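So the protein sequences, as listed, match chains H and S. With positions in the first sequence counted from 1, the corresponding number in our numbering is that position plus 22. With positions in the second sequence counted from 1, the corresponding number in our numbering is that position plus 6. Working notes, structure below.
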Amino acid sequence: MSILTTQNLCKRYGGKPAVDNVSLTVEKGDIFGLIGQNGAGKTTFMRLVTSLTQPDSGTISLFGETEPARLSAARSRIGSVIEAPALFENLTAVQNLEYYRIQRGIADKGRIQQVLKTVSLTDTGKKKFKNFSLGMKQRLGLAMAILSHPDFLILDEPTNGLDPTGIIEMRDLIKRLSQEGITMLVSSHILSELAQVANKYAIIHNGRLLKSLTHEELQEECKQALALTVSDTSRAVVLLETLLGIKDYKQVSANELRIYDKIEDPSDITFRLSQEGIRISEFKSVGDSLEDYYTKTIGGAK
Amino acid sequence: MLNLIRADIYRVLRGKALYITLIVLLANCILMVISMNAFQTGVVTITMPEAVIDELVPSMAVTGVTTPQLIATQMENFVFFLLPVIVIVAGAIFSHGTVKNDIAWGVSRTKLYFSKLILSSVIGFLLMLVYIGFSTVIAMIINGYGGPAPAGHWISLLQIFSAQLLLLLAFIGVGVFLAFVTKRVAAVNGGFIAFIFVPLFILSMVVLINTNLEWLMEYEMLGNIMALAYLPYMETREILRALGIGAFFLVGSTIGGIALFRRSEIK
Numbered sequence: 023m024s025i026l027t028t029q030n031l032c033k034r035y036g037g038k039p040a041v042d043n044v045s046l047t048v049e050k051g052d053i054f055g056l057i058g059q060n061g062a063g064k065t066t067f068m069r070l071v072t073s074l075t076q077p078d079s080g081t082i083s084l085f086g087e088t089e090p091a092r093l094s095a096a097r098s099r100i101g102s103v104i105e106a107p108a109l110f111e112n113l114t115a116v117q118n119l120e121y122y123r124i125q126r127g128i129a130d131k132g133r134i135q136q137v138l139k140t141v142s143l144t145d146t147g148k149k150k151f152k153n154f155s156l157g158m159k160q161r162l163g164l165a166m167a168i169l170s171h172p173d174f175l176i177l178d179e180p181t182n183g184l185d186p187t188g189i190i191e192m193r194d195l196i197k198r199l200s201q202e203g204i205t206m207l208v209s210s211h212i213l214s215e216l217a218q219v220a221n222k223y224a225i226i227h228n229g230r231l232l233k234s235l236t237h238e239e240l241q242e243e244c245k246q247a248l249a250l251t252v253s254d255t256s257r258a259v260v261l262l263e264t265l266l267g268i269k270d271y272k273q274v275s276a277n278e279l280r281i282y283d284k285i286e287d288p289s290d291i292t293f294r295l296s297q298e299g300i301r302i303s304e305f306k307s308v309g310d311s312l313e314d315y316y317t318k319t320i321g322g323a324k
Numbered sequence: 007m008l009n010l011i012r013a014d015i016y017r018v019l020r021g022k023a024l025y026i027t028l029i030v031l032l033a034n035c036i037l038m039v040i041s042m043n044a045f046q047t048g049v050v051t052i053t054m055p056e057a058v059i060d061e062l063v064p065s066m067a068v069t070g071v072t073t074p075q076l077i078a079t080q081m082e083n084f085v086f087f088l089l090p091v092i093v094i095v096a097g098a099i100f101s102h103g104t105v106k107n108d109i110a111w112g113v114s115r116t117k118l119y120f121s122k123l124i125l126s127s128v129i130g131f132l133l134m135l136v137y138i139g140f141s142t143v144i145a146m147i148i149n150g151y152g153g154p155a156p157a158g159h160w161i162s163l164l165q166i167f168s169a170q171l172l173l174l175l176a177f178i179g180v181g182v183f184l185a186f187v188t189k190r191v192a193a194v195n196g197g198f199i200a201f202i203f204v205p206l207f208i209l210s211m212v213v214l215i216n217t218n219l220e221w222l223m224e225y226e227m228l229g230n231i232m233a234l235a236y237l238p239y240m241e242t243r244e245i246l247r248a249l250g251i252g253a254f255f256l257v258g259s260t261i262g263g264i265a266l267f268r269r270s271e272i273k
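Right, dumping it as structure tokens:
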């Protein structure tokens, strides 16, 4: 089931496209990672979905609704923290959440303690929001977003500005909320960060969606391998299996093989194959790190 | 929309700003009554016809009966107390940036606008009651009730305050408009003060240059609030004009504010 579908979504600022023809689908249960540099269009895309800004063209469907009034009603099933979490500076965590509990017509008063427990903010007492650390603000923003039991959570760079411990806690929290059945759209400019939580990705650059792929496809793209260009691939394959016990390999072209198994001593391969009369014209390590892959995709220099 | 208003009431009552406004208002009431008591008829504006002054002056001892009438002549001062109310209720969602939480959650922009307008108006009305009521109590403490009140006195006061209330609501309408269109508290403050003084200043200049244009002053909001204090002595045409100006600004600012806010970007 599709939670969010956008078709050719466009938004321009001063003639410059901030979001340019973006079409993507977030399915139920996804943790969908939106990756891009600062200014790539991630936040603008999220602002369009949450109606903080209006699209110049294109359509947005939320929970299957596209008609403006129904779309607006569908947004009450979303929780979001766009850019920095915004709450009332002079109120405490409980007071801020009580404000949103009343505003959203949530009858269960115990829900506030539930969400505070979820984000580990039960002991802030009378401390006002303005005196919270950045990590606490992020967590309270998340608590506000999940207060009304959303089906879909939109988080804009939730780990931005957090210390390593805060990043780990936020990552665990995202995983936990996903396990509770909340579909998520999470943005970040760090692919390796998102790769630890997301199951689908969209790479956005200069407002354009460059690539959309699953976690498995990303793993495949970034898999480390040994590439061999040999004179006889069919014999080489048999020898790799029988002599070296290699199981995970792939023939990628007429003369090229890729070995994905972890090899203790790669020179052993060349030695054994040469011994059996197979000529090796090229032998190299291939595969990108997540950062390399991302940089290559957006067309930047390594 | 009721939930939006209820949530804002919860928030406003937990902040200090409204209480500070209330304390300043009460202090203002005390000082005003004391100064009125000291100068007795000093509050009667010099623009009133002599006959009217003659009629009013004998009853201008500051008592429980006369104070509401005197307060009505000071209602233009009360306009300044509406500014913090607008900032607390409508300006806060922009200064804290929480407006994006509301819109992203699917709250209708029209409902959001109306919820702030209604709550600002209700708080403004309650402060007006405090302004009148507390000043009257202070006057009664100083000089007693001063009754019996002349026939039709309270009905007349009710008419005056009702008419003035419409113009005060128009000021609130303009303030809420400024909050939703500029989305900046500083702009609300500056714009609101400018709305009070700039038309008065410009019209005064125009009239100074050309006295034939004196009629333009009749379309100035603050002047009309002051004039309505003498509503029983005004012609129906003048009353309708004053109320029409208030209604124009209230309706115009609301329609314009909603239209602009519906299309605007939320930062």
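Glycine residues also receive a C-beta, built at the ideal position from the N, C-alpha and C atoms. On a predicted model such as this, the values are computed, not experimentally measured, just so you know.
Is it a yes or a no for the stretch 93 to 110 of chain H touching the stretch 95 to 106 of chain S, going by three-plus beta-carbon pairs under 8 Å?
-> Yes: at least three Cβ pairs fall under 8 Å.
Q: Below 6 Å CB to CB, which residues in the same chain sit around S/T27 once its five sequence neighbours on both sides are set aside?
A: Taken in chain order, the residues that qualify are P90.
Quickly, what does DSSP pair S/K189 with across the bridge? List them, please.
Beta-bridge partners of S/K189 (DSSP): none assigned.
Checklist entry - DSSP on H/P39, reduced to helix/strand/coil? => result Here DSSP, grouped into helix, strand and coil, assigns H/P39 to strand.
- Own chain partners of H/R301 with C-beta closer than 6 Å, once the 5 adjacent residues on each side are dropped: The beta carbon of H/R301 is closer than 6 Å to those of S253 in its chain, skipping five residues each way along the sequence.
(message) Counting only C-beta atoms, is H/A220 closer than 7 Å to chain S at any point?
(response) Using a CB distance cut-off of 7 Å, H/A220 does not count as an interface residue toward chain S.
Exercise for the section: Starting from H/S79, follow the beta strand (DSSP E) in both directions and report where the run begins and ends. Expected result: Element bounds for H/S79: S79 to L84.
Q) Just reading off the alpha helix (DSSP H) that H/E243 is part of, what are its end residues? A) Per DSSP, H/E243 belongs to the alpha helix (DSSP H) from H237 to E243.
- Task: Could you have a look at S/E271 and say whether DSSP puts it in helix, strand or coil?
- Result: Correct three-state label for S/E271: coil.
| message | Can you pull out the residues from the stretch 101 to 114 of chain S whose beta carbon lies closer than 9 Å to at least one beta carbon of chain H? | response | Taking 9 Å as the upper bound on Cβ-Cβ separation, chain H lies near residues S101, H102, G103, T104, V105, K106, N107, D108, I109, A110, W111, G112, V113 and S114 of the stretch 101 to 114 of chain S.
Requested in this report: State buried or exposed for S/Y151, treating a residue as buried only when at least 16 other CB atoms are found within 10 Å of its CB.
Outcome: With fewer than 16 other Cβ atoms within 10 Å, it is exposed.
| Within 9 Å of chain H by C-beta, residues of the stretch 86 to 98 of chain S in sequence order | Contact annotation: in the stretch 86 to 98 of chain S, residues whose CB is within less than 9 Å of a CB in chain H are A98.
TODO: Using the Cα positions of H/Q160 and H/L26, report the straight-line distance between them to the nearest angstrom.
DONE: One Cα belongs to H/Q160, the other to H/L26, and the distance between them is close to 24 Å.
Discussion item. On the DSSP letters alone, give me the boundaries of the beta strand (DSSP E) that H/R280 sits inside.
Written reply: Start and end: E278 to I281.
* **Contact under 7 Å by Cβ, H/S200 with H/I57** => Cβ atoms of H/S200 and H/I57: not closer than 7 Å.
DSSP three-state label for H/S275, please.
H/S275 falls in the coil class under three-state DSSP.
task = Could you tell me whether the Cβ atoms of S/S259 and S/V180 are closer together than 7 Å?
result = It is a contact, given that the beta carbons lie within the stated cut-off.
| task | Mind listing the chain H neighbours of S/Y16? Cutoff is C-beta to C-beta under 7 Å, in chain order. | result | For S/Y16, the chain H residues whose Cβ falls inside 7 Å of its Cβ are E120, Y121 and I124, in order along the chain.
Worksheet item: What is the rounded straight-line gap between the Cα of H/A91 and the Cα of S/I77?
Response: So the two alpha carbons sit approximately 47 Å from each other.
Review point. When the cut-off is 7 Å and only beta carbons count, does S/R268 lie next to chain H?
Key: Residue contact with chain H for S/R268: absent (no Cβ-Cβ distance below 7 Å to any residue of chain H).
Which residue wins for smallest C-alpha separation from S/S162, given the options S/L88, S/A200 and S/M240?
S/S162 has its Cα closest to that of S/M240, out of S/L88, S/A200 and S/M240.
Close Cβ partners of S/P64 (< 7 Å) along its chain, the five nearest in sequence each way excluded: Note that S/P64 scores 48 on pLDDT, short of 50, meaning its location in the model is unreliable; the coordinates nonetheless yield the value given after this. None.
*Classify S/V1 as helix, strand or coil using the three-state DSSP reduction.*
Only positions 7 to 273 of chain S appear in the structure, and residue 1 of chain S is not among them; the question remains open.
Q) From S/E82, S/I124 and S/N149, pick the residue whose C-alpha is nearest to that of S/L256; which is it? A) Closest option to S/L256, Cα to Cα, is S/I124.
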